[in-house]
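Visitor: Have a look at the structure that comes next, please.
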Amino acid sequence: MVARAPVVVLACGNPSRGDDALGPLLLERLHDWLLTTGLAGRHELIGDCQWQIEHALDLAGRELVLFIDAGAMTPAPFVFEPVQASGHVAPGSHALSPAALLSVLARISSDPPPAAFVLAVRGERFELGAAPGCRALAHAEAAFALLQELCGAASTAHWQVLADRHQRPPAGAGGAP
416 MVARAPVVVL ACGNPSRGDD ALGPLLLERL HDWLLTTGLA GRHELIGDCQ WQIEHALDLA
476 GRELVLFIDA GAMTPAPFVF EPVQASGHVA PGSHALSPAA LLSVLARISS DPPPAAFVLA
536 VRGERFELGA APGCRALAHA EAAFALLQEL CGAASTAHWQ VLADRHQRPP AGAGGAP
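Under our numbering, the first residue of the sequence shown carries the number 416, and numbering increases by one thereafter.
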């Protein structure tokens with residue numbers, strides 16, 4: 416049996432739907448960066464248009480999981496936070512949240528789930544056939560700087576410190592919608 420990389424990064428998004436391309440774009444940049452830094456062996460990168468029930472198997476046997484996606488309601492430039500298993504998974508579910516994927520993993524594995532975090536990057540335009548917008552690309556640039564820090568020192572404790580630093584602003588605190 417081949418050992419799995421301790422860190423898995425799952426990015427979702429549709430490259431042909433404007434800012435929804437941010438996840439795949441960040442994953443491609445991360446791939447290149449990991450190769451140049453010699454860290455590629457510690458990370459497995461998985462991209463898809465959406466998270467599906469089968470992706471729960473990609474989480475098994477990992478120390479850390481990072482989910483990357485674009486969000487229209489995400490405060491700019493991004494949110495980075497831990498995620499826990501929760502959510503109902505209906506039979507035939509086709510697009511799942513990170514929390515639902517962790518729930519599926521808990522149902523199919525006796526091993527404890529890995530520490531998991533979400534990096535949601537602010538997107539604004541998701542029209543079919545559109546290119547990512549300038550503001551969204553600037554948000555992705557800020558998110559990539561965080562990705563380098565996350566993958567350069569991949570540990571649950573370090574990621575939690577960074578998540579605490581990048582918490583969502585409280586409701587009504589002037590954060591972007």
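A virtual CB, placed ideally from N, CA and C, is assigned to each residue, including glycine.
As the structure is a prediction and not an experimental result, all values here were calculated from the model.
Could you give the C-beta distance for A426 and G438, rounded to a whole number, given that I count them as a contact under 8 Å?
Guide: Within the sequence shown, the letter at position 11 stands for residue 426. Within the sequence shown, the letter at position 23 stands for residue 438. The Cβ separation is near 4 Å, so the contact holds.
Visitor: Closer than 7 Å to a non-hydrogen atom of the ligand NAD - does that hold for the CB of P547?
Guide: Summarising the ligand content, the structure contains no ligands, and the ligand NAD is consequently not present.
Visitor: Check for me: the beta strand (DSSP E) holding V423 runs from which residue to which?
Guide: Position 8 of the sequence shown holds residue 423. Unbroken beta strand (DSSP E) run through V423: 422 to 427.
Visitor: Grab me the residues of A551's own chain with a C-beta within less than 8 Å of its C-beta, minus the 5 sequence neighbours each way, in chain order.
Guide: Sequence index remark: in the sequence shown, residue 551 carries index 136 (1-based). If we look at A551 and ignore the five residues flanking it on each side, its Cβ neighbours are G433, D434, L437, A485, V536, R537, G538, E539, R540.
Visitor: Which residue comes first and which comes last in the alpha helix (DSSP H) that contains D526?
Guide: By 1-based counting over the sequence shown, the position of residue 526 is 111. No alpha helix (DSSP H) contains D526, which DSSP labels as neither H nor E.
Visitor: Report yes if the C-beta distance between L479 and L460 is below 8 Å; otherwise report no.
Guide: For the purposes of this step, residue 479 is identified with residue 64 of the sequence shown, where counting begins at 1. For the purposes of this step, residue 460 is identified with residue 45 of the sequence shown, where counting begins at 1. Their beta carbons are not under 8 Å apart, which means L479 does not touch L460 by this criterion.
Visitor: With C-beta atoms as the reference, is L474 less than 8 Å away from V424?
Guide: Working through the sequence shown from its first residue, we reach residue 474 at position 59. Working through the sequence shown from its first residue, we reach residue 424 at position 9. No, they are not a contact pair.
Visitor: By the three-class DSSP mapping on this structure, what secondary structure does E459 have?
Guide: Indexing the sequence shown from 1 puts residue 459 at position 44. Here E459 sits in strand by DSSP.
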